[in-house]
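Report on the following structure.
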Amino acid sequence: MKDMRVSQPDWLAADWGTSHLRIWGMRANGEVIGRQFGDCGMSRLARNEFEAEFIKLADPFLSNDKTLDVICCGMAGSRQGWAEASYVGVPCRPPGMTQAVQVETADPRINVYILPGIKQNTPSDVMRGEETQIRGFMATNPDFDGVICLPGTHTKWVHVSAGEIVSFQTFMTGELFALLSKASVLRHTVQSDGWDKHAFLQAVDRSFSRPSAAAAHLFTLRADALLNDPYENVARSQLSGILIGIELAAARPYWLGQNLAVLGSHEIANAYQLALKAQGLEVTMAQSEEMTLAGLKHAHFALRSVPSNA
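Below, the structure written as structure tokens:
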């Protein structure tokens with residue numbers, strides 16, 4: 000946990016994911032005056048532990064003489080989270096304070112609102128947290144119409160038009176990478192870090208062109224390591240390229256002929272940008288943390304219009 004004493008904020012923004020909690024101390028005008036990041040993710044907590052963990056991490060921002068509004072997104076609103084914030088169905092605008100759930104808290108220093116996720120009934124799909132990144136991107140790019148890709152453990156491809164999320168599809172590409180690199184025969188081959196751009200792009204092209212052969216391409220990584228002893232980083236880059244190539248082939252109905260934006264952390268977002276540019280696409284890039292914070296700010300500005308029992 001990172002602890003940093005700061006001057007007292009006017010409100011708090013929070014992103015509570017499966018693995019981590021991030022809290023920003025905010026001025027009324029949206030200026031960030033401090034940050035607190037912790038590893039107390041949703042997956043490690045029982046419902047009755049959320050408030051105490053939040054207070055522990057938020058302590059540098061809190062004062063006994065003031066109640067702070069907290070706008071929170073992410074897995075804290077899941078069925079196993081702090082308080083369930085039911086999904087909003089597409090097509091819809093990214094959810095805001097009118098759909099937020101107000102959490103009953105014992106500590107009088109915080110007044111917590113959790114933003115809901117989004118659901119799609121056909122085909123079945125859900126998201127929590129990404130909708131706030133999308134809200135932030137649309138707030139900073141109000142004329143954008145097209146497709147937003149949010150790479151990660153579960154990558155989202157999201158069609159947005161006229162300010163609404165129209166449809167989306169999730170790919171378990173990041174989770175497959177983790178499973179294959181750590182729990183399959185490829186664990187003996189794939190390095191824990193490093194990058195080879197040329198090997199990555201070759202694997203993307205091969206997998207994109209023949210996605211039906213991906214399972215064979217995967218085993219070739221292991222055989223090549225046994226027979227040819229390639230230099231390090233190649234197998235890791237090739238595994239990433241194979242999986243992203245499959246994803247791009249399946250997601251082609253989303254991105255073909257569309258304006259395209261990628262929201263993500265630097266390493267994974269850059270990999271997707273490289274793969275998409277190899278298909279001749281121009282890509283607008285945005286950093287996921289910045290977009291999350293922009294989405295939380297945008298939601299906070301609407302707080303005054305929300306009834307006290309929201």
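Numbering that gives the first Met the number 0 puts the first residue of the sequence shown at 0, with every later residue one more than the last. A virtual CB, placed ideally from N, CA and C, is assigned to each residue, including glycine. Please read these numbers as outputs of a predicted model, since none were measured by experiment.
By a C-beta neighbour count over all protein chains shown, 10 Å radius and 16 as the cutoff for buried, is Met74 buried or exposed? buried
If you pair each beta-carbon of the region 200-218 with each one of the region 246-253, do three or more pairs fall below 8 angstroms? yes
Nearest residue (CA-CA) to Asp9, options Leu280, Ile109, Leu242 and Phe136: Ile109
Could you check the C-alpha separation between Leu226 and Phe167 for me, to the nearest Å? 42 angstroms
Helix, strand or coil for Ser183, going by three-state DSSP, please let me know. coil
Name the DSSP beta bridge partners of Asp124, please? Gln119
Near Gly244, which residues of its chain fall below 6 angstroms by C-beta distance, leaving aside the five closest residues on each side in sequence? Val203, Ser206 and Phe207
Closest by CA to Arg186, which one among Gln272, Val159, Gly37 and Arg235? Arg235
In angstroms with no decimal places, state the Cα-to-Cα distance between Gly334 and Cys39. Outside the displayed range of the chain (0 to 309) lies residue 334, so it cannot be described from this structure.
Classify Ala84 as buried or exposed, calling it buried when 16 or more other Cβ atoms lie within 10 Å of its own Cβ. buried
Could you work out which residue in Gln119, Asn120, Gly33 and Ser160 is closest to Arg134 when comparing CA atoms only? Ser160
Under 8 angstroms by Cβ, that's how I've got Val282 and Ala260 pegged, so tell me the actual separation to the nearest angstrom. 7 angstroms
Exposed or buried, Gly279, counting other C-beta atoms within 10 Å across all chains shown (16 or more means buried)? exposed
From the DSSP output, which residues share a beta bridge with Leu11? Gly24 and Val69
Can the beta-carbon of Lys65 be found closer than 8 angstroms to that of Gln119? no
Please confirm if the region 19-37 is in contact with the region 90-108, defined as three or more CB-CB distances below 8 angstroms between the two stretches. no
For Ala19, does the three-state DSSP call read helix, strand or coil? Inspection of the sequence shows that residue 19 is occupied by His rather than by Ala. Note: His19 maps to coil in three-state DSSP.
Have a look at Ala45, Ser211, Ala213 and Leu238 and flag the residue whose alpha-carbon is nearest the alpha-carbon of Ala224. Leu238
When the Cα atoms are used, what is the spatial distance from Pro254 to Pro150? The amino acid occupying residue 254 in the given sequence is Trp; Pro does not appear at that position. Taking the straight line from one Cα to the other gives about 14 angstroms.
When DSSP labels each residue in this structure, what does Val89 get in the three-state scheme? coil
Other residues of its chain near Leu11: CB distance less than 8 angstroms, five sequence neighbours each side excluded: Ile22, Trp23, Gly24, Met25, Ala57, Phe60, Leu67, Asp68, Val69, Ile70 and Ile109
Measure the C-alpha to C-alpha separation of Ala268 and Met284 and round it to an integer number of angstroms. 8 angstroms
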